[in-house]
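In terms of the working numbering, the sequence shown opens at residue 935 and continues consecutively.
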Amino acid sequence: MNDLGLDGSVAIVTGAGSLAPGIGNGKAAAVLLAEAGAKVMLVDRSLDNMKETLELIAERGGDCVPVTADVSDEAGCAGVVASAMDTWGRVDVLVNNVGTAGPAGTVVDVAVDAWDACLRVNVTSMLLMSRFAIPHMRAAGAGSIVNISSVLGMRGGHPAIAYPTTKAAIIGLTKSMAVHHGPDGIRVNAVAPGFAYTPMVYAQGLSEENRERRRLAAPLHTEGTGWDTGEAVLFLASDRSRWMTGTVLVVDGGLTASAGMTGDMSVTARDTP
Ligand SMILES: NC(=O)c1ccc[n+]([C@@H]2O[C@H](COP(=O)([O-])OP(=O)(O)OC[C@H]3O[C@@H](n4cnc5c(N)ncnc54)[C@H](O)[C@@H]3O)[C@@H](O)[C@H]2O)c1
């Protein structure tokens, strides 16, 4: 037993694999939840992408079942929740982690079909998974949903319009869901990771120079990993955050704490007598 309150619980983690070898956000969350005693339904559209997650959970003596599904598809989401209910008879935790980088382009030139597809995968998938999980949580009088946003949903500065818009929408979704479902004992929170070094990032090709720039952009000058996101998910899924709902837990090495002012931009030194 442990005081996280997750022993014997059932968790669903979407995007529990990763696009390349290494530790992604969903993979880390799934491994940490299993290690804390949850039975974890691993969801990914690719079984191959979940192999490493399965191995890590087995090494740590955890319990999990992989399911292949596309969470942008309503029937796929219904099937995942039905499968968790058939297997374990309950759903206590839902981690909505799936998210894609989306198309390039500003509002002037982004391809509208690709914009629609990005909203579907990054935001509608969370609505659909929650739609099927919440009735079971409501019946049990408790549940915890964790949605993965991004600091890019809190600040401008991304070169494209689609990805940051979806990540901002997830923050609005989270707060509204928290208010709608709080009276049923269901908590809904978001994690906003910063510039972590994960397979999603390096699978698309990231030079060592740009990796270093990402590390140095945050005041801590420490590179973030999927484990950092996973620990925040674990906390929000667990009883340790029992009085928290509608929050956005920022995990970014201090990136969003800074307004970006450097000494020579400040007037304080000149004007203060
Ligand atoms: N890495 C970062 O720096 C960073 C920063 C902020 C937020 N995020 C967010 O973290 C989340 C992803 O993290 P990750 O590290 O686990 O990513 P990842 O891309 O490595 O893995 C996600 C998995 O999701 C699966 N997937 C993609 N679309 C799917 C779909 N429609 N249905 C089912 N599975 C699907 C992929 O097959 C992949 O295995 C995203 O929401 C992303 O926006 C990442």
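Cβ coordinates follow ideal geometry from the N, Cα and C atoms, glycine included. Predicted model only: the values in this text are computed from it and were never measured.
Separation of residue j from residue i, as counted between CA atoms
| i | j | result |
| --- | --- | --- |
| R1176 | A1076 | 10 Å |
| R994 | A964 | 12 Å |
| R1208 | L981 | Outside the modelled stretch of the chain, which goes from 935 to 1207, sits residue 1208, for which no answer is possible. |
| A1045 | A1038 | 8 Å |
| E1165 | G1033 | 19 Å |
| M935 | A1051 | Residue confidence is low: M935 scores 46 on pLDDT, short of 50, so the model does not pin down where it sits. No coordinate-derived value is stated. |
| T948 | Y1131 | 19 Å |
| G939 | A1112 | 20 Å |
| S1017 | V1041 | 40 Å |
| H1155 | R1149 | 5 Å |
| A1193 | K1101 | 20 Å |
| G942 | V977 | 19 Å |
| A1214 | T1196 | Because residue 1214 is not part of the residues shown, which for the chain are 935 to 1207, the question remains open. |
| H1114 | I1068 | 11 Å |
| L966 | M1199 | 43 Å |
| V1184 | D1047 | 31 Å |
| G1036 | H1092 | 12 Å |
Opening and closing residue of the alpha helix (DSSP H) in which residue i lies
| i | result |
| --- | --- |
| M1071 | S1059 to A1074 |
| V1055 | Careful: V1055 lies outside any alpha helix (DSSP H) and carries neither H nor E. |
| R1145 | E1142 to A1151 |
| I1105 | A1096 to H1115 |
| T1260 | Only positions 935 to 1207 of the chain appear in the structure, and residue 1260 is not among them; the question remains open. |
| T1021 | E1008 to W1022 |
| A1130 | Careful: A1130 lies outside any alpha helix (DSSP H) and carries neither H nor E. |
| V1167 | G1160 to A1171 |
| V965 | N959 to E969 |
Delimiting residues of the beta strand (DSSP E) encompassing residue i
| i | result |
| --- | --- |
| D978 | K973 to D978 |
| S1078 | G1077 to I1082 |
| A945 | V944 to T948 |
| V1027 | V1027 to N1030 |
| V1001 | D997 to T1002 |
| V1182 | V1182 to V1185 |
Test item: CB-CB of residue i and residue j under 8 Å
| i | j | result |
| --- | --- | --- |
| P1133 | P955 | yes |
| M1178 | I1120 | no |
| S1078 | A1171 | yes |
| R1024 | D1004 | no |
| V1057 | A945 | no |
| K961 | G1160 | yes |
| G958 | V974 | no |
| T1027 | A972 | According to the sequence provided, residue 1027 is Val. The question's Thr does not apply to it. Yes, they are a contact pair. |
8 Å Cβ cutoff, residue i in contact with chain D
| i | result |
| --- | --- |
| G939 | The structure shown contains no chain D; it is built from a single protein chain. |
Do three or more CB pairs link the segment 1004-1023 to the segment 1047-1066 at distances below 8 Å?
yes
Meets three-Cβ-pair contact criterion under 8 Å: the segment 1186-1195 and the segment 987-996:
no
Count Cβ pairs between the segment 1091-1098 and the segment 1138-1146 that sit closer than 8 Å; are there 3 or more?
no
Does the contact criterion of 3 or more C-beta pairs under 8 Å hold for the segment 1078-1087 versus the segment 1116-1126?
Contact holds: three or more Cβ-Cβ distances are below 8 Å.
Using 8 Å as the threshold, is the segment 1100-1112 in touch with the segment 1166-1173, meaning 3 or more CB pairs across them?
no
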